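Peer 1: Here the protein sequences come in this chain order: B and S.
Numbered by full-length UniProt numbering, the letters in the first sequence go through residues 1 to 326 in order.
Numbered by full-length UniProt numbering, the letters in the second sequence go through residues 1 to 289 in order.
Every residue gets a Cβ at the ideal spot worked out from N, C-alpha and C, and that includes glycine.
Treat the numbers as computed from the prediction; the structure is a model and nothing was measured.
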Amino acid sequence: AGDGSGPVGSAAEDGGPPVPERVLFPPTFSVSEIKNKQRRHFMFLRWKQQQRKEKLAAKKKRRKEREALGDKAPPKAIPKTIENQRVYDETTVDPNDEEVAFDEATDEFAPYFNRQTVPKILITTSDRPRGRTVRFCEQLSTVIPNSHVYYRRGLALKRIIPQCIARDFTDLIVINEDRKIPNGLVLSHLPDGPTAHFRMSSVRLRKEIKRKGKEPTEHVPEVILNNFTTRLGHSIGRMFASLFPHDPQFIGRQVATFHNQRDYIFFRFHRYIFKSEKKVGIQELGPRFTLKLRSLQKGTFDSKFGEYEWIHKRREMDTSRRKFHL
Amino acid sequence: PSQVVWDTLGNRQFCSYKITTKTQNFCRNEYNLTGLCNRSSCPLANSQYATVREEKGRCYLYMKTIERAAFPRRLWERVLLSKNYEKALEEIDENLIYWPRFIRHKCKQRFTKITQYLIRIRKLTLKRQRKLVPLRRKIERREKRREEKALIAAQLDNAIEKELLERLKQDTYGDIYNFPIHAFDKALQQQDAESESESDAEKEEDDEDMDKREFVEADDSDLSDFEDMDKLETSSEEEEEEEEEVEKKASLAKSKGKTPLKGPARRKRPYIEIEYEEETEPATKTKAA
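Written out as structure tokens, the structure is:
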């Protein structure tokens, strides 16, 4: 008798009021209804501990069942990742799609992929670049073969584009700067090609990379493009590929990687060495940065009259955590 | 009356247009001619006053006289000045004829300054202007976090290594890298009959490379023992050591010092598990019994 009332001498957890073990709560009770903050906190912690215990017990039981069954056990469940749960994009490219293949044979990059043009790239910045941006431009030009850096002192882009075309440049890269760090990249394929505008983040110069090797040599690097699945991703991937000359020099053992993950494109530049046929060692040299696509325009750079093929609209496109466009 | 105003407001008591700094007193009144708080340039303390102000690119001359001091609404009279610089100066002179020299001079000075900055504005609007786009803090934070998670999920090093090995397998590199073990191993595991001729051919090819050939022969017996082929190295410096199969571990340890490691490559030791059976149980059983 009298067990339900009165505090049972259980060891109090961090000074909370000791709650009797056999108190019955009304069935519609929830922890969040207690008005007293301290007690509510205490009850919540207890509830959490209980949940954890139950979960652990369930796990143990499942493991025992699995061991008991032995070979007949059902296969392990695959954990859900964001990539697994990705909302299916209808513009995903099927490798055997003929329409896509036909499109790609006739779009602006066809002359490059048919080896008719050799890429020649002009790298420039916005007005008055600060030291970090300047150094980044230089390093970028060592990474991309056949590229030149020119400083822009107040020249309008619309006027230099015809000049570039006249001098046989195939691509134009403009690095936008804000508060002394580069934060934007405009990549424009010159003879009337598409223009992509990216947001650049986490830029690391060569001296900030740990365990780096020597400078990138003059050899033409290989290109790796990972995970560009949709139509949009495909065209962006081809844009990147067209920056580098078509025939890589394997003697150089350098590789430039554009890896797309959840709409972020990571750029890395490595030197690799094959230790055996199943093991390769890579060493990072060269700058690294991440890009996020903001817009893709059909013609060359023109902010007012350009025809936008794709713009990132935050309110429409950022609603779902599992929806990606590249 | 103006002297009284000055004595109260200007010098002693509080004037809401007055701003004091360490060295100067400024006057915030929009009709003030010079911007400083002086006896001669206070529009409240002078009953006869004039200013030049510009509105939407056009300059006006404002005048205040004693006769209209009783009518605050009609106090300031406004005259549009011509766009031509010299003509406007003449107009100022005409309107302020017989006025004190100080006010006339300062008006003309002010007008000059205003025209200069108007010209500058017009020039700048023709050049490209920086468009300031406001950042939204929440979105910036969200993007940064997502980027970090994407980076972790990407596992770039692994992906790159996998891709490079894929390309090696698909022979995009041609004949630059020759790994005899690879061919030998593949042959052994997949097709026995065909492999023998292949491996013979490989061995014949390797006759050119003395090192590699010895390497292959030495490890013949070891292929069955060791499950992981990753541990075997093809560097020529190791072939002397690896002829002694027993001391595999020691050889790897030695070669660690010799061959300069490139990059973040780490070598694992061959993992050999040795199990000992315990035979103490029957002893205890007999004791219990």
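#1: For B:Val143, which option in B:Ile282, B:Phe244, B:Tyr151 has the closest C-alpha, if you only look at C-alpha atoms?
#2: Threshold first: 3 residues or longer. Then list the beta strand (DSSP E) segments lying entirely within the segment 245 to 316 of chain B, N to C.
#3: Which of the three DSSP states, helix, strand or coil, is assigned to B:Leu122?
#4: Should S:Arg122 be flagged as near chain B, meaning a C-beta pair shorter than 8 Å?
#5: State yes or no: is the C-beta of S:Ala150 within less than 8 Å of the C-beta of B:Asn226?
#6: Assign B:Thr230 to one of three DSSP states: helix, strand, or coil.
#7: For S:Thr34 versus S:Lys83, is the C-beta distance shorter than 8 Å?
#8: Give the C-beta separation of B:Leu190 and B:Leu172 to the nearest angstrom, bearing in mind that I take them to be a contact with Cβ-Cβ under 8 Å.
#9: Any beta carbon from chain B within less than 8 Å of S:Glu163's own beta carbon?
#10: Does the segment 88 to 107 of chain S come close enough to the segment 50 to 62 of chain S to have 3 or more Cβ pairs within less than 8 Å?
#11: Which chain B residues are close to S:Ile66, counting only those with a beta carbon under 7 Å from its beta carbon?
#12: Tell me which same chain residues have a C-beta within less than 6 Å of the C-beta of B:Gly193, skipping the five on either side of it?
#13: Per DSSP, which one or two residues make a beta bridge with S:Tyr62?
#14: Three-state secondary structure (DSSP) at S:Pro100?
#15: Considering only C-alpha positions, which residue in the set B:Lys214, B:Thr133, B:Arg294, B:Glu177 is nearest to B:Leu326?
#16: What are the residues of the segment 259 to 273 of chain B that lie near chain S, defined by any Cβ-Cβ distance shorter than 7 Å?
#17: Do S:Gln170 and the ligand NAP come close, with the Cβ less than 7 Å from some heavy atom?
#18: Please name the residues in the segment 271 to 291 of chain B whose beta-carbon is closer than 9 Å to at least one beta-carbon of chain S, in chain order.
#19: Which parts of the segment 168 to 221 of chain B are runs of the beta strand (DSSP E), unbroken and 3 residues or longer, counting only runs that do not cross its ends?
#20: Could you check whether S:Leu164 and B:Val93 sit closer than 8 Å to each other, using their CB atoms as the reference points?
#21: In angstroms with no decimal places, state the Cα-to-Cα distance between B:Glu309 and B:Leu157.
#22: What are the residues of the segment 209 to 232 of chain B that lie near chain S, defined by any Cβ-Cβ distance shorter than 9 Å?
#23: Rounded C-beta distance between B:Gly286 and B:Pro216? I'm assuming under 8 Å.
#24: Leaving aside the five residues before and after S:Thr65 along the sequence, list all residues of the same chain whose C-beta is less than 7 Å from its C-beta, in chain order.
#25: List, in order along the chain, the chain B residues whose C-beta lies closer than 8 Å to that of S:Arg146?
#26: In chain S, what lies closer than 9 Å to B:Thr257 by C-beta?
#27: Pick helix, strand or coil for residue 324 of chain S, following the three-state DSSP scheme.
#28: For the beta strand (DSSP E) containing B:Val100, list its first residue and its last residue.
#29: Listing by chain order, which chain B residues have their CB less than 7 Å from the CB of S:Arg128?
#30: Could you name the residues of the same chain whose beta carbon sits closer than 7 Å to that of B:Gln283, not counting the 5 residues immediately before and after it, in chain order?
#31: Tell me whether B:Ile34 sits in a helix, a strand or coil according to DSSP, three-state version.
#32: Cα separation between S:Ser16 and S:Asn29?
#33: Just to confirm before moving on: does the CB-CB distance between B:Phe266 and S:Ala154 stay below 8 Å?
#34: Can you have a look at B:Arg314 and say buried or exposed, based on whether 16 or more other CB atoms are within 10 angstroms of its CB?
#35: Beta-carbon of S:Tyr17 versus every beta-carbon of chain B: anything under 8 Å?
#36: Go through the segment 113 to 161 of chain S residue by residue and report every complete run of the alpha helix (DSSP H) that reaches 4 residues or more, in order.
Peer 2: Straight from the coordinates:
#1: As a first step, residue 143 of chain B must be located in the first sequence, where it is residue number 143. Comparing Cα positions, the closest option is B:Phe244.
#2: 254 to 261, 264 to 276, 279 to 284, 288 to 297, 308 to 311
#3: As a working note, residue 122 of chain B is residue 122 in the first sequence. Of the three classes helix, strand and coil, the one that applies to B:Leu122 here is strand, per DSSP.
#4: Numbered from 1 along the second sequence, position 122 holds the residue referred to as residue 122 of chain S. Output row for S:Arg122: interface = no.
#5: Translated into positions along the second sequence, residue 150 of chain S becomes position 150. Translated into positions along the first sequence, residue 226 of chain B becomes position 226. Cβ atoms of S:Ala150 and B:Asn226: not closer than 8 Å.
#6: Residue 230 of chain B sits at position 230 when you count from the first residue of the first sequence. Looking at B:Thr230 - three-state DSSP - the assignment turns out to be strand.
#7: Translated into positions along the second sequence, residue 34 of chain S becomes position 34. Translated into positions along the second sequence, residue 83 of chain S becomes position 83. No, the Cβ-Cβ distance between S:Thr34 and S:Lys83 is not below 8 Å.
#8: Walking along the first sequence from the start, residue 190 of chain B turns up at place 190. Walking along the first sequence from the start, residue 172 of chain B turns up at place 172. So it is a contact: roughly 6 Å between Cβ atoms.
#9: For this step, residue 163 of chain S is matched to residue 163 along the second sequence. So, interface residue.
#10: yes
#11: On the second sequence, position 66 is the one that residue 66 of chain S refers to. Result: empty, since nearest Cβ-Cβ is about 53 Å, beyond 7 Å.
#12: Taking the first sequence and counting its residues from 1, one reaches residue 193 of chain B at position 193. For B:Gly193, where only same-chain residues beyond five positions count, the Cβ hits under 6 Å are Glu108.
#13: Along the second sequence, one-based indexing puts residue 62 of chain S at 62. Paired residue(s): S:Thr51, S:Arg78.
#14: To locate residue 100 of chain S, count along the second sequence from 1; it is residue 100. Here S:Pro100 sits in coil by DSSP.
#15: The sequence position of residue 326 of chain B within the first sequence is 326, counting from 1. Among B:Lys214, B:Thr133, B:Arg294, B:Glu177, the Cα nearest to that of B:Leu326 belongs to B:Arg294.
#16: His259, Gln261, Arg262, Tyr264, Phe266, Arg268, His270, Tyr272, Ile273
#17: Absence of the ligand NAP from the depicted structure is noted, as is the absence of any ligand whatsoever, leaving it without description.
#18: Arg271, Tyr272, Ile273, Phe274, Lys275, Ser276, Glu277, Lys278, Lys279, Val280, Gly281, Ile282, Gln283, Glu284, Thr290
#19: 171 to 178, 181 to 189, 195 to 204
#20: Within the first sequence, numbered from 1, the residue matching residue 93 of chain B stands at position 93. Within the second sequence, numbered from 1, the residue matching residue 164 of chain S stands at position 164. In this structure, S:Leu164 does not lie closer than 8 Å to B:Val93 by Cβ.
#21: Start at 1 with the first residue of the first sequence, and residue 309 of chain B comes out as number 309. Start at 1 with the first residue of the first sequence, and residue 157 of chain B comes out as number 157. In a straight line, the C-alpha of B:Glu309 is about 20 Å away from that of B:Leu157.
#22: Arg211, Gly213, Glu222, Ile224, Asn226, Asn227
#23: Taking the first sequence and counting its residues from 1, the one referred to as residue 286 of chain B is at position 286. Taking the first sequence and counting its residues from 1, the one referred to as residue 216 of chain B is at position 216. Contact holds; Cβ gap of about 5 Å.
#24: Taking the second sequence and counting its residues from 1, the one referred to as residue 65 of chain S is at position 65. Here the set comprises Gln48.
#25: As a first step, residue 146 of chain S must be located in the second sequence, where it is residue number 146. Ordered by position in chain B, the residues that pass the 8 Å Cβ test against S:Arg146 are Arg262, Tyr264.
#26: As a working note, residue 257 of chain B is residue 257 in the first sequence. Within chain S, the residues near B:Thr257 are Leu156, Ala159, Ile160, Glu163.
#27: No answer is possible for residue 324 of chain S: the residues shown for chain S start at 1 and end at 289.
#28: The residue you call residue 100 of chain B lines up with position 100 of the first sequence. Premise fails: B:Val100 lies in the alpha helix (DSSP H), 98 to 106, not in any beta strand (DSSP E).
#29: Sequence index remark: in the second sequence, residue 128 of chain S carries index 128 (1-based). In chain order: Ala156.
#30: The count along the first sequence starts at 1 and reaches residue 283 of chain B at position 283. The answer, listed in chain order, is Gly213, His270, Arg271.
#31: Within the first sequence, the letter at position 34 stands for residue 34 of chain B. In the structure shown, B:Ile34 sits in coil (DSSP, three-state: anything other than H, G, I, E or B).
#32: Looking up residue 16 of chain S in the second sequence gives position 16. Looking up residue 29 of chain S in the second sequence gives position 29. Whole-angstrom Cα-Cα distance: 9 Å.
#33: Position 266 of the first sequence holds residue 266 of chain B. Position 154 of the second sequence holds residue 154 of chain S. Against a cut-off of 8 Å, the Cβ pair of S:Ala154 and B:Phe266 comes out as a contact.
#34: For the purposes of this step, residue 314 of chain B is taken as residue 314 along the first sequence, with counting starting at 1. Classification for B:Arg314: exposed.
#35: Position 17 of the second sequence holds residue 17 of chain S. So no, S:Tyr17 is outside the interface.
#36: 137 to 154
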